[in-house]
Amino acid sequence: MRSRELESLARRHGIIPTRPSPDNREVAISGRTKRKLLSALKVDLSAAVDRETAGTRQEPKQTLKEIPRSYLPEFLSGTRIWGISLQLYELRSARNWGIGDFEDLVVMTDLAGSLGADFIGLNPLHAPFLADPDRCSPYEPSNRQHLNPLYIAVDCVPGFVLSRALDRKLERLRRTDLVDYAEVAAVKLQALRDLWPGWRRSPVDKAYAPADFDLFVAQGGDELRRHALFECLSLSMAGRGAGAGWQTWPADFQRADSAAVAEFERDHQDDVRFHMWLQWLAHRQMMQAAERALKAGMRIGLYLDLAVGEAVDGSATWSQPEVYISEATIGSPPDPFAVDGQDWHLAGYLPSRIASGKTSPFRRMVTAAMRYAGAIRIDHAPALRRLFLVPLGSSPEGGGYVRYPQERLLQILAETSAEHRCLVIGEALGMIPEDLPDDLASARILSYRILSYEQDEDGFKSPDTYPVLALACISTHDHQTLAGWWRGADIQDRREHGIVPPDLTEKHLEHRKRERKSLKAALGAAGLGLPQRLDPTASRKALRELTVSAYRYIARTPSLLVAVRLADLTDEKNPTNIPGTSDSYPNWKPKLSVLLEDMMSSPLVKRVTEAMREERPQNRRARERMGSRRILNR
Numbered sequence: 216m217r218s219r220e221l222e223s224l225a226r227r228h229g230i231i232p233t234r235p236s237p238d239n240r241e242v243a244i245s246g247r248t249k250r251k252l253l254s255a256l257k258v259d260l261s262a263a264v265d266r267e268t269a270g271t272r273q274e275p276k277q278t279l280k281e282i283p284r285s286y287l288p289e290f291l292s293g294t295r296i297w298g299i300s301l302q303l304y305e306l307r308s309a310r311n312w313g314i315g316d317f318e319d320l321v322v323m324t325d326l327a328g329s330l331g332a333d334f335i336g337l338n339p340l341h342a343p344f345l346a347d348p349d350r351c352s353p354y355e356p357s358n359r360q361h362l363n364p365l366y367i368a369v370d371c372v373p374g375f376v377l378s379r380a381l382d383r384k385l386e387r388l389r390r391t392d393l394v395d396y397a398e399v400a401a402v403k404l405q406a407l408r409d410l411w412p413g414w415r416r417s418p419v420d421k422a423y424a425p426a427d428f429d430l431f432v433a434q435g436g437d438e439l440r441r442h443a444l445f446e447c448l449s450l451s452m453a454g455r456g457a458g459a460g461w462q463t464w465p466a467d468f469q470r471a472d473s474a475a476v477a478e479f480e481r482d483h484q485d486d487v488r489f490h491m492w493l494q495w496l497a498h499r500q501m502m503q504a505a506e507r508a509l510k511a512g513m514r515i516g517l518y519l520d521l522a523v524g525e526a527v528d529g530s531a532t533w534s535q536p537e538v539y540i541s542e543a544t545i546g547s548p549p550d551p552f553a554v555d556g557q558d559w560h561l562a563g564y565l566p567s568r569i570a571s572g573k574t575s576p577f578r579r580m581v582t583a584a585m586r587y588a589g590a591i592r593i594d595h596a597p598a599l600r601r602l603f604l605v606p607l608g609s610s611p612e613g614g615g616y617v618r619y620p621q622e623r624l625l626q627i628l629a630e631t632s633a634e635h636r637c638l639v640i641g642e643a644l645g646m647i648p649e650d651l652p653d654d655l656a657s658a659r660i661l662s663y664r665i666l667s668y669e670q671d672e673d674g675f676k677s678p679d680t681y682p683v684l685a686l687a688c689i690s691t692h693d694h695q696t697l698a699g700w701w702r703g704a705d706i707q708d709r710r711e712h713g714i715v716p717p718d719l720t721e722k723h724l725e726h727r728k729r730e731r732k733s734l735k736a737a738l739g740a741a742g743l744g745l746p747q748r749l750d751p752t753a754s755r756k757a758l759r760e761l762t763v764s765a766y767r768y769i770a771r772t773p774s775l776l777v778a779v780r781l782a783d784l785t786d787e788k789n790p791t792n793i794p795g796t797s798d799s800y801p802n803w804k805p806k807l808s809v810l811l812e813d814m815m816s817s818p819l820v821k822r823v824t825e826a827m828r829e830e831r832p833q834n835r836r837a838r839e840r841m842g843s844r845r846i847l848n849r
């Protein structure tokens, strides 16, 4: 294929000819990269050349249309609200099984509602690999259209009886500082297995009626059946040493429609039904938590996070291989904080299939979250326009951007958000197209504003410069708490884990000195009090004062939403996740240091939530009326 033909073909299939470099230059991608990306997009190069030569392919016409607008609650036109963000698994309680669960979420919604919060922000709750529980990143799920059964509160399932032996195991699991996913999964799955036969024969609670389960299975259709079948196969294969992910299975089991898989399903019908039951239990408890949040007076309720992709060897890609890119994975180009770029090893939808059909993959994915939520956050919202794809066997330097049907995806978001009365937040940080924020704002998708990112050449931006259509926060799961950021713990982490070289670490430390000075100046200019001694070795008390002032700072922004991170309020020392690490740090495992039952004894919980109520006062009656209407409309 001649260079000109390759360039034309790449352009026609949405491949962008350049990528950025760490020094902000545009670098042309190679012809080899274009060929690999075209192959990943399932373009037959020889056939494509024939069509090009015959002149049968036409350049798509560009049409200018009004950008579709997503749902925005009417009450937000006259008020600004706040909520609490957390990782569900990190919750400690005196009753859970070593991992936060849906019953802990119910308790948390009651607590947050009583404090005046209007939403609870959660990590992705997508289905993981039950056969390999230590693959615990919520951002690398097995399937985004189903829930994580490890969050089921087993003690709330009708018929459960606690034995002494199990109680001793649970006490041990509760005491650990890290979630022991393997043991939690073993204990929960065994307890649920024990409950399954008896529940089907003689249900003891109308709220968990078999007729409702049968309806859930019927509505779930082949997608639910195949996910449950995958879980059975995955557990069976892992038990035989073949691994939990389908790419290491025997060839005749790597396709969901093979004769070997059909035979396995016939022999394991009860097991498949059991895994559908787990999804139903998770669904029921999740729905109960969503309804409880609204009854607690929250006007948004639950706010759910959506991962940008799925595991390459999980349930989703096994169940529906025809809609996924199979020869490239999602990542990001080289940048100053990851000079070699990143390969997230996630499977993405094919651009040609993501929005196709009445029940497109994208519509099904967002609907799966919106049915529980008053808000969703799209992780890496630039994926609405483009994704950086790394061909298999290549480094990120050998990757490139591919365009996605932004207009159609925004239309789907507008339609589904209106149907479910669910607002949309788009996380768009790092290297993004310059005009993308304007498009998202026009679509009424709230931007995601992190305090440490809101800086310019003059320092930290003043509160009044924040946009209205935004969620403002101090930090996220990928960052240290504010106290950790102040101490430079995030920079030290990147150095210790070899993510950035020593010379760059020194530059980052010098830059952090300037940032600390700038933040002090910004807080002072806003009239917010600060301790006299506030240096990198400041006392715990001084850092608490800083945290309260910083939250008051973002509460004064015009941004419609502010998220208060629970890890800030419990003064956590260990980060949730250190991006760029895998085995060297226990990502997604650290628990909070404070029990849920003792949360109100934390000084920062009281002080920060009081500051939120003062800075963002609310009409209680209006909250109650809005909550009642949302419950009736579910």
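So the sequence shown is residues 216 to 849, counted in my numbering.
Just so you know, even glycine gets a beta-carbon here, dropped at the ideal spot from N, CA and C.
Check, Outcome
"Residues bridged to Y670 (per DSSP)", "At residue 670 the sequence reads Gln, which differs from the Tyr that was named. Bridge partners of Q670: F675."
"Contact check, A522 vs P339, beta carbons under 8 Å", "yes"
"Nearest residue (CA-CA) to L738, options D718, E634, R771 and P717", "R771"
"Residues that DSSP places opposite G336 in a beta bridge", "S300 and Y518"
"Beta-carbon proximity of L651 to L624, cut-off 8 Å", "no"
"Closest by C-alpha distance to Q557, when choosing among R831, W533 and G546", "G546"
"Span separating the alpha-carbon of I569 from that of F577", "6 Å"
"Host alpha helix (DSSP H) of Y766 (start-end)", "R755 to A770"
"Beta-carbon gap between H498 and L362 smaller than 8 Å", "yes"
"Between the CA atoms of W495 and L430 - distance to the nearest angstrom", "10 Å"
"For G246, the nearest candidate out of P237, L448, K257 and T233 (CA to CA)", "T233"
"Simplified DSSP assignment, three categories, for P343", "coil"
"Per-residue burial, G298 [other beta carbons within 10 Å of its own, 16 or more giving buried]", "buried"
"Of the residues Y616, R284 and G529, the one placed nearest G460, counting alpha carbons only", "G529"
"Per DSSP, the bridge partner or partners of F603", "G546 and Y616"
"Same chain, Cβ closer than 6 Å to N179, five either side skipped, listed in chain order", "Because the chain spans 216 through 849 in this model, residue 179 falls outside it and cannot be assessed."
"Length of the line joining the Cα atoms of G512 and G328", "6 Å"
"Q360 and M580 closer than 8 Å at C-beta", "yes"
"At least 3 beta-carbon pairs within less than 8 Å: the region 659 to 667 vs the region 679 to 692", "yes"
"N- and C-terminal bounds of the alpha helix (DSSP H) containing S534", "S530 to S534"
"Touching by the beta-carbon criterion (3+ pairs, under 8 Å), the region 486 to 494 and the region 456 to 475", "no"
"Spatial neighbours of R226 in its chain, beta-carbon cut-off 8 Å, leaving aside the 5 residues before and after", "P232"
"Opposing strand residues paired with E557 [DSSP bridges]", "Reading the sequence as shown, one finds Gln at residue 557 and not Glu. Beta-bridge pairing links Q557 to S547."
"Between the CA atoms of R507 and C351 - distance to the nearest angstrom", "27 Å"
"Option in S254, V715, V823 and P751 with minimal Cα separation from R729", "P751"
"Selected residue, minimal CA-CA separation from A633, among F603, D654, I591 and Y616", "I591"
"Beta strand (DSSP E) segments (min. 3 residues) lying fully within the region 344 to 376", "358 to 362"
"Where the alpha helix (DSSP H) containing V402 begins and where it ends", "Y396 to R416"
"Alpha-carbon spacing of C371 relative to L719, whole angstroms", "51 Å"
"Simplified DSSP state of A224, which is helix, strand or coil", "Looking at the sequence provided, one finds Leu at residue 224 rather than Ala. Here L224 sits in helix by DSSP."
"Limits of the unbroken beta strand (DSSP E) element including V258", "Premise fails: V258 is in no beta strand (DSSP E) and is neither H nor E."
"Buried versus exposed call for Y396 [16 or more other C-beta atoms within 10 Å across all chains shown]", "buried"
"Straight-line gap, K618 to G229 (C-alpha atoms, nearest Å)", "A small fix is needed here, since residue 618 is Arg in this sequence, not Lys. So the alpha carbons of these two residues sit roughly 5 Å apart."
"Reduced DSSP secondary structure (H/G/I, E/B, other) of I647", "coil"
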